[in-house]
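Colleague: For the sequence shown, the residue numbers in the working numbering are 7 to 297.
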Amino acid sequence: MSRQPSDPGEPGDRVAVALQHLLPKQALTRLGGLVARAQGGAATTALIRWFVQRYGVDMAEAAEPDPAAYRSFNEFFTRALRPGARPLAPADWICPVDGAISQCGAIGGDRIVQAKGHDYSAQALLGGDAALAQGFRDGHFATLYLSPRDYHRIHMPAAGRLRRMVHVPGRLYSVNPATARGVPGLFARNERVVCVFEGERGPWALVLVGATIVGSMATVWHGVVNPPRPAQPRRWDYAEAAVALPQGAEMGRFLLGSTVVLLWPSGPLRFAAGWQPGLPVRLGQAMAAWG
7 MSRQPSDPGE PGDRVAVALQ HLLPKQALTR LGGLVARAQG GAATTALIRW
57 FVQRYGVDMA EAAEPDPAAY RSFNEFFTRA LRPGARPLAP ADWICPVDGA
107 ISQCGAIGGD RIVQAKGHDY SAQALLGGDA ALAQGFRDGH FATLYLSPRD
157 YHRIHMPAAG RLRRMVHVPG RLYSVNPATA RGVPGLFARN ERVVCVFEGE
207 RGPWALVLVG ATIVGSMATV WHGVVNPPRP AQPRRWDYAE AAVALPQGAE
257 MGRFLLGSTV VLLWPSGPLR FAAGWQPGLP VRLGQAMAAW G
């Protein structure tokens, strides 16, 4: 894939991005984490009710629809869905989250499209691991953005056996569409957790990308991955562990929302009809087929 000239974006995008360069993102994220973890009684309930109204959260889909039942904002934000709210389509690959398609398509060599005028390398996304990135050369990718109103648990798009996990420290820019258009290499610059699985048709990766105010990311096999936030990447090898998850099972969650990037190796993967940037998606709907 040839490198595209950078697109400066709309004037509003440029202002928003400029402000983010100036903001103390790490400090804001620490403060956001403290507020989200606090069990503040009536104050917590008031915050949740405001959030539900401000972002149009559909509490009828939640297993617990009463905002007053949540002890902390984090409990509310990572709320479970009621049974049957997200039926699983009969597909090789299902959408792992509620959100919107940021980008999807072919990986050109090592380059992944971020937005018009911006791409980044799979190697950078995967924490600089050249050997791991080589396995996805000329493969396929999908980037899915979770907005504040969305359900924030992440589920398995297909059955897989966990092989490794890497926590890659980084920046904490927002990952909203305006920032994706304005910050080069955004998803390879932000803090992220890389999860590599082995599936029926070979390896695939699911990358959880952090953002401003995202207090932490967690997986079902490890618990909270961050904090801590050390300066160097942390790696866990699960090659000998029996961490195998079926399609549709929960694999992790964001404590305040962000983005998921999926990577597949080269092969005959076809995205479902209608999968294109900007469209909303829901957990469990058909995402792709192999062959």
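Glycine included, C-beta positions come from ideal geometry on N, C-alpha and C.
This structure is a prediction, so every number in the text was calculated from the model and none was measured.
Residue range of the beta strand (DSSP E) that R235 falls in?
Modeller: Position 229 of the sequence shown holds residue 235. From DSSP, R235 is part of no beta strand (DSSP E); its letter is neither H nor E.
Colleague: Between the alpha carbons of V231 and N80, how many angstroms are there, rounded?
Modeller: The residue labelled residue 231 in the question sits at position 225 within the sequence shown. The residue labelled residue 80 in the question sits at position 74 within the sequence shown. When rounded, the distance between both Cα atoms is 15 Å.
Colleague: In its own chain, which residues sit with a C-beta less than 6 Å from the C-beta of C201, not counting the 5 before and 5 after it?
Modeller: Within the sequence shown, the letter at position 195 stands for residue 201. Closer than 6 Å at the Cβ level, and outside the excluded window around C201, lie M171 and L212.
Colleague: Would you please state the rounded distance, in angstroms, between the beta carbons of M223 and V199? I believe it to be under 8 Å.
Modeller: Walking along the sequence shown from the start, residue 223 turns up at place 217. Walking along the sequence shown from the start, residue 199 turns up at place 193. About 5 Å; that satisfies the 8 Å criterion.
Colleague: Out of curiosity, what's the CA-to-CA distance linking T50 and P71?
Modeller: Working through the sequence shown from its first residue, we reach residue 50 at position 44. Working through the sequence shown from its first residue, we reach residue 71 at position 65. In a straight line, the C-alpha of T50 is about 15 Å away from that of P71.
Colleague: Look at the Cβ atom of A86, then the Cβ atom of Q291, and state whether they are nearer than 7 Å.
Modeller: Looking up residue 86 in the sequence shown gives position 80. Looking up residue 291 in the sequence shown gives position 285. In this structure, Q291 does not lie closer than 7 Å to A86 by Cβ.
Colleague: Tell me which residue opens and which closes the beta strand (DSSP E) that V226 is part of.
Modeller: Taking the first residue of the sequence shown as position 1, residue 226 is located at position 220. V226 -> no beta strand (DSSP E), and no H or E assigned at all.
Colleague: How should C197 be labelled, buried or exposed, when 16 other C-beta atoms within 10 angstroms of its C-beta is the threshold for buried?
Modeller: To locate residue 197, count along the sequence shown from 1; it is residue 191. Going by the sequence as given, residue 197 is Glu instead of Cys. Flag for E197 reads buried.
Colleague: Measuring CB atoms only, is the region 259-277 touching the region 236-247, in the sense that at least three cross pairs come out at less than 8 Å?
Modeller: They do not touch, by the three-pair rule.
Colleague: Please go through the same chain and pick out, in chain order, the residues whose beta-carbon is closer than 7 Å to the beta-carbon of R159, but skip the five residues on each side of it.
Modeller: Taking the first residue of the sequence shown as position 1, residue 159 is located at position 153. For R159, where only same-chain residues beyond five positions count, the Cβ hits under 7 Å are T84, E256 and R259.
Colleague: What are the boundary residues of the beta strand (DSSP E) that includes Q120?
Modeller: Translated into the one-based positions of the sequence shown, residue 120 becomes position 114. Looking at the DSSP string, the run of the beta strand (DSSP E) that includes Q120 is R117 to A121.
Colleague: By how many angstroms is the C-alpha of A66 removed from the C-alpha of A44?
Modeller: For this step, residue 44 is matched to residue 38 along the sequence shown. For this step, residue 66 is matched to residue 60 along the sequence shown. Distance between the alpha carbons of A44 and A66: 25 Å.
Colleague: Could you tell me the distance, in whole angstroms, from the CA atom of S153 to the CA atom of Y61?
Modeller: Position 147 of the sequence shown, counted from the start, is the residue given in the question as residue 153. Position 55 of the sequence shown, counted from the start, is the residue given in the question as residue 61. For S153 and Y61, the distance between alpha carbons rounds to 9 Å.
Colleague: Identify, in the order they occur along the chain, each residue of the same chain with its Cβ nearer than 6 Å to the Cβ of V119, setting aside the five sequence neighbours on each side.
Modeller: The residue given as residue 119 occupies position 113 in the sequence shown. Same-chain partners within the cutoff: Q109 and D125.
Colleague: Measuring CA to CA, which of G205, G105, L131 and P274 is closest to V174?
Modeller: Residue 174 sits at position 168 when you count from the first residue of the sequence shown. The option with the nearest alpha carbon to V174 is L131.
Colleague: For G46 and W56, I'd like the C-alpha separation in whole angstroms.
Modeller: Here residue 46 refers to the residue found at position 40 of the sequence shown. Here residue 56 refers to the residue found at position 50 of the sequence shown. Taking the straight line from one Cα to the other gives about 15 Å.
Colleague: Where DSSP assigns a beta bridge to H158, which residues make up the other side?
Modeller: For the purposes of this step, residue 158 is identified with residue 152 of the sequence shown, where counting begins at 1. BP columns for H158 are empty, so no partner.
Colleague: Determine the extent of the alpha helix (DSSP H) in which L53 is found, giving its start and end residues.
Modeller: The residue labelled residue 53 in the question sits at position 47 within the sequence shown. Start and end: A48 to Y61.
Colleague: Pull up the distance between the alpha-carbon of D156 and that of I54, whole angstroms please.
Modeller: What you label residue 156 is simply residue 150 of the sequence shown in a count that begins at 1. What you label residue 54 is simply residue 48 of the sequence shown in a count that begins at 1. Their backbone Cα atoms lie some 14 Å apart in a straight line.
Colleague: Note the first and the last residue of the continuous beta strand (DSSP E) segment covering G188.
Modeller: Taking the first residue of the sequence shown as position 1, residue 188 is located at position 182. Taken as a continuous stretch (DSSP letters only), G188 belongs to no beta strand (DSSP E), being part of the alpha helix (DSSP H) at P183 to G188.
Colleague: Which residue's Cα is closest to the Cα of W210: Y179, G280, A194 and S272?
Modeller: Counting from 1 along the sequence shown, the entry for residue 210 is found at position 204. When only C-alpha atoms are compared, the closest one is S272.
Colleague: Could you pull the start and end residues of the beta strand (DSSP E) that E256 belongs to?
Modeller: Counting from 1 along the sequence shown, the entry for residue 256 is found at position 250. E256 -> beta strand (DSSP E) spans E256 to L261.
Colleague: Roughly how many whole angstroms lie between the Cα atoms of P30 and A217?
Modeller: Stepping through the sequence shown from its first residue, residue 30 is reached at position 24. Stepping through the sequence shown from its first residue, residue 217 is reached at position 211. Summary for P30: the model assigns pLDDT 48, below 50, so the residue's position carries little reliability, and this model does not support an answer.
Colleague: So, with DSSP's three-state summary, where would you put E204?
Modeller: Walking along the sequence shown from the start, residue 204 turns up at place 198. The answer is strand: DSSP assigns E204 an E or B state.
Colleague: Around the Cβ of R88, are there at least 16 other Cβ atoms within 10 angstroms (buried) or fewer (exposed)?
Modeller: Looking up residue 88 in the sequence shown gives position 82. Classification of R88: exposed, given that the 10 Å Cβ count is below 16.
Colleague: CA-CA distance, S8 and R77?
Modeller: Position 2 of the sequence shown, counted from the start, is the residue given in the question as residue 8. Position 71 of the sequence shown, counted from the start, is the residue given in the question as residue 77. Its pLDDT being 39, under 50, S8 is placed unreliably by the model, and nothing is read from it.
Colleague: Among A279, D104, D135 and Q140, which residue has its Cα nearest to the Cα of T149?
Modeller: Reading the sequence shown from its first residue, position 143 is the one you call residue 149. Ranking A279, D104, D135 and Q140 by Cα distance to T149 puts D104 first.
Colleague: Using the three-state DSSP reduction, which class does V41 fall into: helix, strand or coil?
Modeller: Residue mapping note: residue 41 aligns to position 35 of the sequence shown, counting from 1. Reduced to three states, the DSSP call for V41 is helix.
Colleague: Could you give the uninterrupted runs of the alpha helix (DSSP H) lying entirely in the region 69-109, keeping only those of 4 residues or more?
Modeller: Here the runs fully enclosed are 79-83.
Colleague: With a cut-off of 8 Å on the beta carbons, I'd call G111 and F142 a contact; round off their distance for me.
Modeller: If you number the sequence shown from 1, residue 111 lands on position 105. If you number the sequence shown from 1, residue 142 lands on position 136. That pair is no contact at about 13 Å.
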